[in-house]
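In the numbering used here, the protein residues as written are 59 to 377. No residue lacks a Cβ here, since even glycine has one placed at the ideal position from N, Cα and C.
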């Protein structure tokens with residue numbers, strides 16, 4: 059395994075049906091040829107990902123969308139033109155070139171154009187799109203740096219493309235369409251408010267443990283090894299765990315110190331976008347410490363606060 063910025067090396071590995079890690083503006087992806095059953099099976103096996111959980115296809119440009127999707131609703135086109143490249147995934151009717159293993163047998167495919175120059179350069183040189191779920195074991199904290207990926211998969215993948223820290227640091231927002239009406243399937247780096255400014259009101263359908271319409275809908279996800287508790291009252295919750303080794307994950311204010319091993323403040327300026335981009339990196343740091351419990355402060359439930367709360371709630375669910 060090699061950490062590199064060499065696009066040719068990454069391209070050569072993908073052509074041989076090997077897996078690589080790619081940087082995006084959201085999180086690092088475990089990438090393989092979206093048309094190759096061999097590569098797709100390798101991704102599911104390495105991640106230990108349930109086969110009923112569909113993958114996202116990453117394409118080189120908006121112009122390529124019609125190659126893999128059909129009967130595209132007008133609102134989907136409007137969103138793609140407005141936000142791509144960017145952290146928006148659209149669930150659309152698939153063309154036959156997309157294997158059923160990508161979509162978990164559904165007639166729809168999740169697709170986006172990532173906003174990272176290194177990965178866009180790679181995609182432009184390939185004759186196929188990439189499937190690229192987060193480059194981590196299924197259910198674990200998403201990786202936002204090449205080092206996070208290496209910590210998870212030190213020898214199992216051929217190449218890690220190092221694109222630095224992920225700017226958004228949290229997964230893409232996923233929008234589907236039922237009877238041409240837009241539905242939010244996953245909170246993400248684009249807030250509901252940003253999307254509704256473009257196409258109007260969204261319906262919400264963000265949970266499914268049996269046959270999810272999109273990635274990120276399962277109740278337990280993004281979880282550290284250490285138990286994580288989400289609370290509106292950090293001080294009170296700290297008292298409940300008195301005598302335990304506690305780590306805190308908070309928005310902007312340093313809180314109680316008694317018994318606290320470490321505090322992660324996501325944005326000292328109270329910037330919700332900065333907080334979202336720092337969330338997973340902070341969770342990784344806390345998870346490496348010898349803690350008994352992580353206590354996370356619940357965020358204001360608006361804008362990207364909804365996305366952060368979604369990730370924290372899913373991370374707090376135990377097996």
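Per DSSP, which residues does residue i bridge with? Please list them.
| i | result |
| --- | --- |
| residue 219 | 62 |
| residue 380 | No answer is possible for residue 380: it lies beyond the span of the chain, which begins at 59 and ends at 377. |
| residue 161 | Its beta-bridge partners do not exist; DSSP assigns none. |
| residue 321 | 306 |
| residue 355 | 289 |
| residue 79 | 88, 218 |
| residue 127 | 152 |
| residue 114 | 168 |
| residue 261 | 241 |
Can you give the Cα-Cα distance for residue i and residue j, rounded to whole angstroms?
| i | j | result |
| --- | --- | --- |
| residue 215 | residue 76 | 7 Å |
| residue 85 | residue 368 | 16 Å |
| residue 205 | residue 313 | 29 Å |
| residue 154 | residue 62 | 34 Å |
| residue 196 | residue 88 | 11 Å |
| residue 141 | residue 82 | 15 Å |
| residue 363 | residue 330 | 7 Å |
| residue 244 | residue 263 | 8 Å |
| residue 303 | residue 103 | 35 Å |
| residue 343 | residue 318 | 15 Å |
| residue 93 | residue 190 | 12 Å |
| residue 178 | residue 213 | 25 Å |
| residue 217 | residue 111 | 25 Å |
| residue 305 | residue 339 | 14 Å |
| residue 152 | residue 253 | 23 Å |
| residue 284 | residue 337 | 16 Å |
| residue 98 | residue 79 | 14 Å |
| residue 71 | residue 128 | 30 Å |
| residue 163 | residue 301 | 49 Å |
| residue 209 | residue 159 | 27 Å |
| residue 12 | residue 100 | Outside the displayed span of the chain (59 to 377) sits residue 12, for which this structure offers no information. |
List the endpoints of the continuous beta strand (DSSP E) containing residue i.
| i | result |
| --- | --- |
| residue 121 | From DSSP, residue 121 is part of no beta strand (DSSP E); its letter is neither H nor E. |
| residue 240 | 239-244 |
Residue range of the alpha helix (DSSP H) that residue i falls in?
| i | result |
| --- | --- |
| residue 363 | 362-374 |
| residue 339 | 330-345 |
| residue 168 | Where residue 168 is concerned, there is no enclosing alpha helix (DSSP H), although the beta strand (DSSP E) it sits in stretches over 166-170. |
| residue 257 | 250-257 |
Which of the three DSSP states, helix, strand or coil, is assigned to residue i?
| i | result |
| --- | --- |
| residue 236 | strand |
| residue 200 | coil |
| residue 231 | strand |
| residue 272 | coil |
| residue 139 | helix |
| residue 294 | helix |
| residue 151 | strand |
| residue 175 | helix |
| residue 180 | helix |
| residue 146 | strand |
| residue 71 | helix |
| residue 281 | strand |
| residue 327 | coil |
| residue 299 | coil |
| residue 193 | coil |
| residue 211 | coil |
| residue 247 | coil |
| residue 132 | helix |
| residue 104 | helix |
Leaving out five residues on either side along the sequence, give the residues of the same chain with a beta carbon under 7 Å from the beta carbon of residue i.
| i | result |
| --- | --- |
| residue 230 | 84, 145, 146, 147, 170, 246, 247 |
| residue 323 | 308, 310, 312 |
| residue 288 | 354, 356, 370, 371, 374 |
| residue 69 | 180, 183, 184 |
| residue 347 | 305, 319, 320 |
With a CB to CB cut of under 6 Å and the five nearest residues on each side skipped, what residues in its chain are close to residue i?
| i | result |
| --- | --- |
| residue 325 | 310, 332, 333 |
| residue 173 | 83, 143, 144 |
| residue 290 | 356 |
| residue 282 | 199, 341, 345 |
| residue 211 | none |
| residue 328 | 310 |
| residue 299 | 351 |
Please list, in chain order, all residues of the same chain as residue i whose beta carbon is under 8 Å from its beta carbon, the five residues on each side excluded.
| i | result |
| --- | --- |
| residue 251 | 360, 361 |
Using a Cβ-based criterion (distance less than 7 Å to any ligand heavy atom), does residue i qualify as near the ligand NAD?
| i | result |
| --- | --- |
| residue 62 | The ligand NAD is not among the ligands present in this structure, which contains no ligands whatsoever. |
Chain D beta carbons: is any one of them nearer than 8 Å to that of residue i?
| i | result |
| --- | --- |
| residue 331 | In the structure shown, chain D cannot be found, because there is only a single protein chain. |
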